[in-house]
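Chains as they are written, first to last, in this note's numbering: chain E, 167 to 307; chain Y, 4 to 468.
Each remark here refers to the structure printed beneath this line.
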């Protein structure tokens with residue numbers, strides 16, 4: 167069972183996020199260990215509500231998505247679609263009594279684009295304040 | 004007639020979902036719900052039976068997709084897109100490419116030859132083995148009933164040298180002891196790779212496969228403990244140059260590997276005393292000037308030379324020299340000295356596909372040694388997390404011994420069939436005849452030189468004023 171000191175975050179990110187190659191991914195894995203699960207995506211619009219909900223159900227205390235800055239999506243409006251879907255999931259989990267901010271979206275800045283490592287650091291700072299999710303399946307049940 | 008060598012394969016499913024080349028991005032905001040994609044377009048029924056592997060977050064519409072693009076073209080609102088999968092592109096490196104890795108997974112899973120449609124999409128020529136084109140002219144006259152038909156194609160090779168001549172005494176008796184040798188039914192030897200998240204079961208699974216296939220598994224001598232001792236006839240203990248091994252517990256070992264080093268003569272002498280019946284193989288790194296080293300070895304008790312390149316099949320001290328060049332150089336030097344049959348030449352490092360084995364043999368090797376290929380057969384992604392102390396994403400160390408054995412048997416079953424196909428298409432019936440048969444291949448660099456090499460040269464008397 168995850169504890170408060172070691173909550174698990176599922177992080178989905180667009181492959182066009184700066185400095186998000188395989189080497190950067192492994193450095194983050196080394197830094198955060200099992201408390202961070204990284205899932206690169208071809209575009210943030212690959213995310214579907216089911217991915218976020220299943221992550222919350224199976225292993226994550228929170229699930230976040232990192233997208234390209236507004237207006238800079240290679241697929242024109244993929245990041246806007248991702249934002250809509252994340253919003254829908256937030257509403258859905260809030261309706262069952264879970265805090266909506268367990269699901270979030272971070273849109274990179276156009277003027278000052280941040281690297282994946284920096285974005286993850288920022289998310290992790292807020293994330294450590296979370297209590298373990300009551301939605302997680304208890305092993306054996 | 005002896006029984007034909009056959010490798011019996013049986014499906015050994017992946018334990019983890021394999022990342023596939025591309026992913027579908029379906030923009031379902033604006034979807035008409037016409038079900039065109041589900042019912043009409045997808046002939047593989049991918050949309051109809053969706054599933055999500057939560058552990059890896061792999062959606063079945065990605066890894067079951069065959070890439071026909073019918074859904075992309077057929078969506079009335081043009082909502083479906085396909086894009087390269089970043090997980091797939093991150094596999095391996097420039098030598099162990101994602102295509103090679105996923106093809107090895109397929110072969111280890113099914114035991115079948117990978118077949119791709121739509122022709123060959125790769126570049127005209129490339130580095131290393133990619134600059135060799137094999138001659139398939141006999142493909143128009145195949146064997147009567149396929150590669151497993153009545154015309155037997157042998158893939159067996161002899162290990163250990165044969166004498167160049169016999170010496171008799173005046174009374175007509177043989178003066179020398181005849182050299183002894185071994186034969187293996189497949190020109191491929193397994194070797195424990197230099198990294199990997201390995202457990203005792205992984206090594207035992209490899210040893211099991213080596214025994215079943217009739218070949219060998221090379222591994223550091225200190226790994227041979229416990230149950231592995233019972234596999235010793237199929238193992239090649241690799242001796243350490245620093246810590247001499249007493250030889251206890253290794254009775255019955257048929258082949259021993261020693262590394263090239265300052266004190267190799269001493270090590271060879273010691274092994275000859277402790278294991279008089281074992282063949283000795285010497286591992287020579289692929290470096291500049293290795294031919295001199297090899298020539299100093301051939302006059303000793305060493306009857307097998309193992310030429311080892313880097314994991315990407317290049318020389319250790321020069322990235323521009325490929326293992327194929329090293330093999331050709333060594334083979335020709337031995338031929339010139341008239342002692343080619345007195346040693347067996349093995350080559351390893353970067354052997355990633357069945358065609359590499361055939362091409363290494365064409366360049367002059369008797370057989371090949373494969374290392375990372377047997378790790379990739381166990382779903383390795385060549386991500387090298389294990390070398391950095393990070394957990395293995397596919398938990399190779401937790402794989403069962405029998406599964407490991409089946410995966411390797413499948414891989415080599417597929418490679419064996421490809422060797423038979425290649426040799427059948429070349430009209431060669433014995434892999435021993437393929438050795439050094441460079442007439443069955445064309446080398447890009449040779450063609451380039453002979454065709455365009457003189458373009459920049461101006462013949463005497465024809466200079467422009």
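Cβ coordinates follow ideal geometry from the N, Cα and C atoms, glycine included.
Predicted, not measured: the structure shown is a model, and the values here were computed from it.
Looking only at DSSP bridge pairs, what is residue i linked to?
| i | result |
| --- | --- |
| residue 311 of chain Y | Y:288, Y:351 |
| residue 241 of chain E | Answer is none; residue 241 of chain E lacks a bridge partner. |
| residue 180 of chain E | E:207 |
| residue 27 of chain Y | Y:85 |
| residue 426 of chain Y | In the DSSP output, where bridge partners are listed per residue, residue 426 of chain Y has none listed. |
| residue 260 of chain Y | Y:241, Y:284 |
| residue 228 of chain E | E:175 |
| residue 60 of chain Y | For residue 60 of chain Y, which the question treats as bridged, DSSP gives no partner whatsoever. |
| residue 356 of chain Y | None; residue 356 of chain Y has no bridge partner. |
| residue 370 of chain Y | Y:349 |
| residue 161 of chain Y | Y:186 |
| residue 55 of chain Y | Y:62 |
Give me the chain Y residues within the contact set of residue i, using Cβ-Cβ distance strictly less than 7 Å, ordered along the chain.
| i | result |
| --- | --- |
| residue 312 of chain E | The requested residue 312 of chain E is not part of the displayed model; chain E covers only 167 to 307. |
| residue 212 of chain E | 26, 28 |
| residue 209 of chain E | 28, 86 |
| residue 216 of chain E | 55 |
| residue 224 of chain E | 57 |
Quick check on residue i: does DSSP put it in helix, strand or coil?
| i | result |
| --- | --- |
| residue 74 of chain Y | helix |
| residue 137 of chain Y | strand |
| residue 197 of chain E | helix |
| residue 317 of chain Y | strand |
| residue 219 of chain E | helix |
| residue 470 of chain Y | Residue 470 of chain Y lies beyond the stretch modelled for chain Y, which goes from 4 to 468, so this question has no answer here. |
| residue 7 of chain Y | coil |
| residue 288 of chain E | helix |
| residue 98 of chain Y | coil |
| residue 226 of chain Y | helix |
| residue 457 of chain Y | coil |
| residue 298 of chain Y | helix |
| residue 325 of chain Y | strand |
| residue 381 of chain Y | coil |
| residue 195 of chain Y | coil |
| residue 233 of chain E | strand |
| residue 293 of chain Y | helix |
| residue 439 of chain Y | coil |
| residue 252 of chain E | helix |
| residue 221 of chain Y | strand |
Please list, in chain order, all residues of the same chain as residue i whose beta carbon is under 8 Å from its beta carbon, the five residues on each side excluded.
| i | result |
| --- | --- |
| residue 242 of chain Y | 224, 248, 259, 260, 261, 262, 270, 274 |
| residue 333 of chain Y | 293, 294, 297, 308, 310, 348, 367 |
| residue 171 of chain Y | 177, 178 |
| residue 215 of chain Y | 408, 412 |
| residue 456 of chain Y | none |
Anything in chain E within Cβ reach of residue i, meaning under 8 Å, just list it in chain order.
| i | result |
| --- | --- |
| residue 388 of chain Y | 192, 195 |
| residue 90 of chain Y | 206 |
Since residue i meets chain Y, which of its residues come closer than 8 Å, beta carbon to beta carbon?
| i | result |
| --- | --- |
| residue 250 of chain E | 32 |
| residue 257 of chain E | Ordered by position in chain Y, no residue passes the 8 Å Cβ test against residue 257 of chain E, which lies about 15 Å from the chain. |
| residue 221 of chain E | 57, 60 |
| residue 253 of chain E | Here the premise fails: no neighbours, minimum Cβ distance about 12 Å. |
| residue 247 of chain E | 30, 32 |
| residue 188 of chain E | 93, 386 |
For residue i, collect the residues of the same chain with a Cβ closer than 6 Å to its Cβ; drop the 5 residues on either side in sequence, then sort them by chain order.
| i | result |
| --- | --- |
| residue 344 of chain Y | 165 |
| residue 390 of chain Y | 198 |
| residue 239 of chain E | 245 |
| residue 271 of chain E | 231, 249, 252 |
Taking the beta carbon of residue i as the centre, do at least 16 other beta carbons fall within 10 Å, making it buried, or is it exposed?
| i | result |
| --- | --- |
| residue 71 of chain Y | exposed |
| residue 62 of chain Y | buried |
| residue 465 of chain Y | exposed |
| residue 111 of chain Y | buried |
| residue 151 of chain Y | exposed |
| residue 264 of chain Y | exposed |
| residue 279 of chain Y | exposed |
| residue 328 of chain Y | buried |
| residue 31 of chain Y | exposed |
| residue 382 of chain Y | buried |
| residue 51 of chain Y | exposed |
Could you work out which residues of chain Y lie near residue i, taking near to mean beta carbons separated by less than 9 Å?
| i | result |
| --- | --- |
| residue 241 of chain E | 28, 30, 84, 86 |
| residue 238 of chain E | None at all; the shortest Cβ gap to chain Y is about 16 Å. |
Counting contacts by CB-CB distance shorter than 9 Å, is residue i in contact with chain A?
| i | result |
| --- | --- |
| residue 277 of chain E | The chain labelled as chain A is not found among the protein chains of the depicted structure, namely E and Y. |
Within the same chain, show all residues whose beta-carbon is closer than 7 Å to that of residue i, passing over the 5 residues directly before and after it, in chain order.
| i | result |
| --- | --- |
| residue 207 of chain Y | 230, 231, 404 |
| residue 454 of chain Y | none |
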